[in-house]
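Number of protein chains: 4
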Amino acid sequence: MTGQQKKGPTATGGAVLRERVTEAITEAAFAELAETGYARLSMEAVARRAGVGKAALYRRWPSKPAMIMDLVRGRVADSLPCIPATGDLHTDLRALLASYRSQLANPLLALIGAELLAESRRDNALAQMLHTEVAAPRRLAALAILQGAIDQGELPPTLDVELATDLLIAPLTFRMVILDEHCDDEYLETLTSAALAALKASVRRP
Amino acid sequence: MTGQQKKGPTATGGAVLRERVTEAITEAAFAELAETGYARLSMEAVARRAGVGKAALYRRWPSKPAMIMDLVRGRVADSLPCIPATGDLHTDLRALLASYRSQLANPLLALIGAELLAESRRDNALAQMLHTEVAAPRRLAALAILQGAIDQGELPPTLDVELATDLLIAPLTFRMVILDEHCDDEYLETLTSAALAALKASVRRP
Amino acid sequence: MTGQQKKGPTATGGAVLRERVTEAITEAAFAELAETGYARLSMEAVARRAGVGKAALYRRWPSKPAMIMDLVRGRVADSLPCIPATGDLHTDLRALLASYRSQLANPLLALIGAELLAESRRDNALAQMLHTEVAAPRRLAALAILQGAIDQGELPPTLDVELATDLLIAPLTFRMVILDEHCDDEYLETLTSAALAALKASVRRP
Amino acid sequence: MTGQQKKGPTATGGAVLRERVTEAITEAAFAELAETGYARLSMEAVARRAGVGKAALYRRWPSKPAMIMDLVRGRVADSLPCIPATGDLHTDLRALLASYRSQLANPLLALIGAELLAESRRDNALAQMLHTEVAAPRRLAALAILQGAIDQGELPPTLDVELATDLLIAPLTFRMVILDEHCDDEYLETLTSAALAALKASVRRP
DNA sequence: TTCTAATCGAGACGGTACGTCCCGTCTTGCC
DNA sequence: GGCAAGACGGGACGTACCGTCTCGATTAGAA
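Chains as they are written, first to last, in our numbering: chain A, 1 to 206; chain B, 1 to 206; chain C, 1 to 206; chain D, 1 to 206.
What follows is the structure, given as structure tokens:
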């Protein structure tokens with residue numbers, strides 16, 4: 001919960017958004033998200049499920065998108081960014097891909113993620129949030145590993161790290177998010193090797 | 001338009017869905033899709049915009065998903081599958097990626113595509129349609145080129161064509177669909193080279 | 001059937017409203033009237049029941065009220081006006097009331113009658129029709145008997161025949177139409193006596 | 001307003017139907033009744049005219065008949081029952097008839113009344129309501145006067161008060177409701193005299 | 001402890017859209 | 001041309017939620 005709540009004690013008299021209510025709403029909202037999805041989710045249903053008045057929701061967030069955005073931000077922040085570092089490039093990249101896989105395999109987050117992604121094309125605030133809270137930290141992990149390998153001479157300094165990151169991350173993401181198919185360990189192993197071969201053959205900035 | 005319309009003359013006189021009305025609805029539906037998106041699209045608004053009664057919509061399709069699915073199927077089928085074949089592997093792959101890029105760059109289809117993709121996780125019929133009508137034919141083009149190269153000895157016969165296809169298509173798709181960023185010609189060129197390097201380094205079936 | 005049909009053979013080619021169709025519509029319309037009433041009757045349902053296209057109805061009548069009015073006019077005209085004349089005043093009046101009773105006891109006509117009466121307050125054409133086709137001929141029978149009695153000296157020539165007619169007809173009509181109660185023979189007998197007493201006590205024009 | 005509203009404060013806070021809204025609906029409903037009649041009245045139009053959501057209507061009444069029934073019941077209950085009692089039989093009966101006349105002369109109630117009467121033949125609940133709320137109280141006034149006259153010896157104890165009531169009320173009602181004609185004071189005076197003559201000539205139970 | 005003001009549940013409020021039914025008109029192809 | 005069939009634009013049905021608002025009742029910090 002990182003949203004816009006007024007929690008601190010106010011000047012006169014006692015009236016603060018109650019923690020228990022916020023928790024009940026959060027739980028109910030994720031349950032509804034899982035069952036009916038973002039597009040069809042109704043504030044009415046969340047309130048009903050939480051045993052709470054609708055006003056309790058609108059007292060905390062100005063709208064449905066704002067609420068969901070805030071809740072998802074909180075939950076995604078929890079899920080680790082995961083930066084392995086054994087020093088061996090192949091091993092580290094494989095571990096990174098495995099970490100991505102485990103996150104993408106969470107059915108609830110995959111479900112909600114796809115809907116938020118679609119929504120983000122019409123909602124710049126949402127797009128911004130998704131970028132800074134979700135995409136950027138994850139991409140950073142890959143960049144860190146690649147940069148480390150360059151520093152140690154394992155990869156050429158002319159490497160286009162952006163494209164290299166795409167080559168690593170994209171096939172896995174594509175397969176799981178767009179094709180909605182599972183990726184087994186062999187796929188991960190082969191993918192790591194292939195990507196590494198491409199990088200070593202030198203993916204250069206033009 | 002491939003849906004369930006009863007167009008041909010029936011046995012004993014009778015009535016037939018009128019072409020002009022169907023066209024008006026189609027046009028209005030895409031305009032609404034562009035403006036408000038799939039999730040928020042309302043049948044009422046489509047009918048209003050088309051200058052048509054709601055019943056005219058429900059006479060043609062049983063529901064909103066069915067209508068959109070049918071309309072999108074029709075439009076996507078029009079947009080070419082695009083199979084270049086100069087014989088030169090690098091050139092062909094680049095041309096293929098350029099063709100993909102031009103389709104993904106259509107803002108309306110990108111917009112709708114993302115929403116349909118999200119929706120398809122909760123609607124198997126939609127998922128099936130997207131696979132057979134959209135994904136499969138496009139993937140086929142890539143597979144054809146790769147298989148041709150294998151047959152001519154340019155690529156090893158042990159190549160895992162599925163993974164190879166991912167390596168080719170995924171980075172472009174990932175960048176345009178998920179990151180919503182443009183890919184210039186240089187990106188395409190570098191990507192083609194990198195992917196080709198990876199393939200030649202032999203992506204093998206396990 | 002006395003309405004506006006074009007029945008006679010027309011000048012060019014053969015196109016005449018077909019008798020069988022008109023009959024089927026008439027039958028279906030009365031069946032619908034009996035089941036659902038005038039207000040809820042739907043042209044669609046009449047056409048369906050008659051096994052006929054809706055256009056066949058609108059080719060014959062311009063609207064639902066016009067159709068029903070025309071059909072009811074035809075049927076009411078059939079039901080006799082009934083003018084008894086034994087010469088004995090008490091007997092004749094009783095017979096007249098019995099005749100009224102039998103008509104009002106027809107459940108279909110009572111049902112439709114009440115609805116048409118209500119409708120007639122908003123539809124002058126209907127009101128006019130009901131007056132000239134239904135009310136006037138029936139009232140005439142009562143007036144004829146009373147006038148005969150005056151001519152023979154049984155009733156004073158100063159009798160207000162309009163009010164006298166009300167005194168006779170109204171209680172029976174009131175009881176059957178408004179209270180929706182049955183009137184047995186004893187009621188009829190007592191009513192005849194009472195009305196006669198009132199008349200003889202001389203109901204005078206002011 | 002005697003309907004099913006939940007007005008009193010409920011146990012645990014909550015919401016209550018607001019008086020102002022109910023009033024706006026009532027006013028709009030009678031205006032619509034006057035203009036378009038019961039059969040053609042649409043809930044949508046009432047809501048529109050009242051500046052109110054449709055739900056506000058359905059929150060108060062389950063259906064159109066229930067709403068109209070409730071509103072009419074309320075309004076009719078307001079209109080006085082009117083029991084004159086000077087002690088003089090002729091004067092009292094004339095006053096009673098004048099009171100009836102003034103009520104039947106209300107064009108709105110006459111209009112609605114006819115429609116409800118017609119409808120009541122197909123709706124037992126409505127028929128019951130009309131009987132107990134409208135007919136019975138009015139009939140009671142007449143019965144009271146007649147019984148008083150019997151008790152004081154002005155009318156014979158064998159008088160059939162039911163038939164006697166018909167003789168009094170029916171002609172006036174018949175003329176105003178069925179013939180839709182006005183009754184002037186002279187008609188009332190002559191009617192009172194004639195009915196009284198009939199009663200004194202002794203309308204007996206068989 | 002008492003005061004007091006914001007939060008609580010509940011749900012009514014004016015709206016919009018749903019998918020269905022019927023209106024009265026129009027269109028098609030057969031007879 | 002009449003006919004059966006039924007599509008057409010339109011409008012009302014009764015329901016579900018939207019986001020706002022109005023109630024008493026509850027609750028917890030400040031006095």
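All C-beta atoms in this analysis are idealised placements derived from N, C-alpha and C, irrespective of residue type, glycine included.
Nearest-angstrom Cβ-Cβ length linking residue 93 of chain C and residue 150 of chain C, presumed shorter than 8 Å: Taking the first residue of the third sequence as position 1, residue 93 of chain C is located at position 93. Taking the first residue of the third sequence as position 1, residue 150 of chain C is located at position 150. In fact, because the Cβ distance is near 13 Å, the residues do not count as touching under 8 Å.
Rounded straight-line distance, which links the Cα of residue 38 of chain B to that of residue 116 of chain B: For the purposes of this step, residue 116 of chain B is identified with residue 116 of the second sequence, where counting begins at 1. For the purposes of this step, residue 38 of chain B is identified with residue 38 of the second sequence, where counting begins at 1. Spanning the two alpha carbons is a distance of roughly 8 Å.
Chain-ordered neighbours of residue 173 of chain A on chain B, where CB pairs are closer than 8 Å: Reading the first sequence from its first residue, position 173 is the one you call residue 173 of chain A. Neighbours of residue 173 of chain A on chain B, chain order: 170, 174 and 178.
Given residue 27 of chain A as reference, the closest of A:67, A:185 and A:100 once Cα atoms are compared: Stepping through the first sequence from its first residue, residue 27 of chain A is reached at position 27. For residue 27 of chain A, the nearest C-alpha among the options comes from A:67.
Cβ shell of residue 89 of chain B (< 6 Å), same chain only, five flanking positions each side left out: In the second sequence, the residue the question calls residue 89 of chain B occupies position 89. Closer than 6 Å at the Cβ level, and outside the excluded window around residue 89 of chain B, lie 149 and 154.
Same chain only: Cβ atoms within 6 Å of residue 157 of chain B, ignoring 5 sequence neighbours per side: For this step, residue 157 of chain B is matched to residue 157 along the second sequence. Sequence-distant partners of residue 157 of chain B (beyond 5 residues in either direction) whose C-beta falls short of 6 Å from its own C-beta, in its chain, are 150.
Distance CB(residue 97 of chain C)-CB(residue 165 of chain C) smaller than 8 Å: Here the question's residue 97 of chain C lines up with position 97 in the third sequence. Here the question's residue 165 of chain C lines up with position 165 in the third sequence. No, the pair does not count as a contact, with Cβ atoms beyond the cut-off.
Range covered by the alpha helix (DSSP H) that runs through residue 211 of chain C: Because chain C is modelled from 1 through 206, residue 211 of chain C falls outside the range shown and cannot be assessed.
Delimiting residues of the alpha helix (DSSP H) encompassing residue 37 of chain A: The residue you call residue 37 of chain A lines up with position 37 of the first sequence. Taken as a continuous stretch (DSSP letters only), the alpha helix (DSSP H) holding residue 37 of chain A covers 19-40.
Contacts around residue 83 of chain D, its chain only, beta-carbon distance under 7 Å, and the 5 residues preceding and following it disregarded: Along the fourth sequence, read from residue 1 onward, the residue named residue 83 of chain D stands at position 83. Leaving aside the five residues that flank residue 83 of chain D on each side, the residues in its chain whose CB is nearer than 7 Å to its CB run, in chain order, 141 and 144.
Residue 125 of chain C to residue 64 of chain B span [Cα, whole Å]: The sequence position of residue 125 of chain C within the third sequence is 125, counting from 1. The sequence position of residue 64 of chain B within the second sequence is 64, counting from 1. Going by the C-alpha atoms only, they are around 47 Å apart.
Candidates C:179, C:118 and C:161, of which the one nearest residue 214 of chain D by Cα: Coverage of chain D is limited to positions 1 through 206, which leaves residue 214 of chain D absent and any answer about it impossible.
Per-residue contacts from residue 187 of chain D into chain C (C-beta, under 8 Å): Walking along the fourth sequence from the start, residue 187 of chain D turns up at place 187. Here the neighbours are 163.
For residue 169 of chain D and residue 147 of chain C, the rounded distance between their alpha carbons: Position 147 of the third sequence, counting from 1, holds the residue named residue 147 of chain C. Position 169 of the fourth sequence, counting from 1, holds the residue named residue 169 of chain D. C-alpha separation (whole angstroms): 25 Å.
Residue range of the unbroken alpha helix (DSSP H) whose run includes residue 67 of chain D: Within the fourth sequence, numbered from 1, the residue matching residue 67 of chain D stands at position 67. From DSSP, the alpha helix (DSSP H) with residue 67 of chain D extends over 64-78.
Chain-ordered chain D contacts of residue 37 of chain C [CB-CB under 7 Å]: In the third sequence, counting from the first residue as 1, residue 37 of chain C sits at position 37. In chain order: 122.
Where residue 130 of chain A falls: helix, strand or coil (DSSP): Taking the first sequence and counting its residues from 1, the one referred to as residue 130 of chain A is at position 130. DSSP places residue 130 of chain A in helix when its eight states are reduced to three.
C-beta neighbour in chain D for residue 71 of chain C, strict 8 Å: Against the third sequence, residue 71 of chain C aligns to sequence position 71. Answer no: the Cβ-Cβ gap between residue 71 of chain C and chain D never drops below 8 Å.
Exposed unless 16 or more other CB atoms sit within 10 angstroms - verdict on residue 20 of chain B: As a position in the second sequence, residue 20 of chain B is number 20, starting the count at 1. The residue is exposed, with fewer than 16 neighbouring Cβ atoms inside 10 Å.
Below-8 Å beta-carbon distance, residue 198 of chain A vs any chain B residue: Start at 1 with the first residue of the first sequence, and residue 198 of chain A comes out as number 198. Yes, residue 198 of chain A lies at the interface with chain B (some Cβ there is under 8 Å from its Cβ).
Contact check, residue 196 of chain A vs residue 101 of chain A, beta carbons under 8 Å: Counting from one through the first sequence, the residue named residue 196 of chain A turns up at place 196. Counting from one through the first sequence, the residue named residue 101 of chain A turns up at place 101. Contact flag unset, no.
CB contact flag (residue 108 of chain A, residue 34 of chain A, <8 Å): In the first sequence, counting from the first residue as 1, residue 108 of chain A sits at position 108. In the first sequence, counting from the first residue as 1, residue 34 of chain A sits at position 34. Yes, the Cβ-Cβ distance between residue 108 of chain A and residue 34 of chain A is below 8 Å.
6 Å CB neighbourhood of residue 181 of chain D in its chain, flanking five on each side removed: In the fourth sequence, counting from the first residue as 1, residue 181 of chain D sits at position 181. Hits under 6 Å: 175.
C-beta neighbour in chain A for residue 118 of chain B, strict 8 Å: One-based indexing of the second sequence puts residue 118 of chain B at position 118. At least one chain A Cβ lies under 8 Å of residue 118 of chain B.
Straight-line Cα distance separating residue 22 of chain A from residue 17 of chain D: As a working note, residue 17 of chain D is residue 17 in the fourth sequence. As a working note, residue 22 of chain A is residue 22 in the first sequence. Computed Cα separation, rounded: 29 Å.
Beta-carbon neighbours of residue 191 of chain B, restricted to chain A and to distances below 7 Å: For the purposes of this step, residue 191 of chain B is taken as residue 191 along the second sequence, with counting starting at 1. Going along chain A in sequence order, the residues near residue 191 of chain B (Cβ under 7 Å) are 163.
Where the alpha helix (DSSP H) containing residue 176 of chain B begins and where it ends: Locating residue 176 of chain B in the second sequence gives position 176, where the first residue counts as 1. Per DSSP, residue 176 of chain B belongs to no alpha helix (DSSP H) and is neither H nor E.
Residue 207 of chain A versus residue 36 of chain A - alpha carbon distance: In the structure as shown, chain A starts at 1 and stops at 206, and residue 207 of chain A therefore has no counterpart that could be examined.
8 Å Cβ cutoff, residue 166 of chain B in contact with chain A: Walking along the second sequence from the start, residue 166 of chain B turns up at place 166. Judged by the 8 Å Cβ criterion, residue 166 of chain B is in contact with chain A.
Reference residue 77 of chain D; option with closest CA among D:162, D:103 and D:152: What you label residue 77 of chain D is simply residue 77 of the fourth sequence in a count that begins at 1. Per the Cα distances, D:103.
Closest by C-alpha distance to residue 74 of chain C, when choosing among C:134, C:173 and C:32: Your numbering for residue 74 of chain C matches position 74 in the third sequence. For the residues C:134, C:173 and C:32, the minimum Cα distance to residue 74 of chain C belongs to C:134.
Where residue 159 of chain A falls: helix, strand or coil (DSSP): For the purposes of this step, residue 159 of chain A is taken as the residue at position 159 of the first sequence. It is a strand residue.
Assigned exposure category for residue 62 of chain D - 16 Cβ within 10 Å defines buried: Along the fourth sequence, read from residue 1 onward, the residue named residue 62 of chain D stands at position 62. Classification for residue 62 of chain D: exposed.
Beta-carbon proximity of residue 121 of chain D to residue 130 of chain C, cut-off 8 Å: The residue labelled residue 121 of chain D in the question sits at position 121 within the fourth sequence. The residue labelled residue 130 of chain C in the question sits at position 130 within the third sequence. Their beta carbons are not under 8 Å apart, which means residue 121 of chain D does not touch residue 130 of chain C by this criterion.
Proximity below 8 Å, CB of residue 167 of chain B to CB of residue 198 of chain B: Here residue 167 of chain B corresponds to residue number 167 of the second sequence, with the count starting at 1. Here residue 198 of chain B corresponds to residue number 198 of the second sequence, with the count starting at 1. Yes, the Cβ-Cβ distance between residue 167 of chain B and residue 198 of chain B is below 8 Å.
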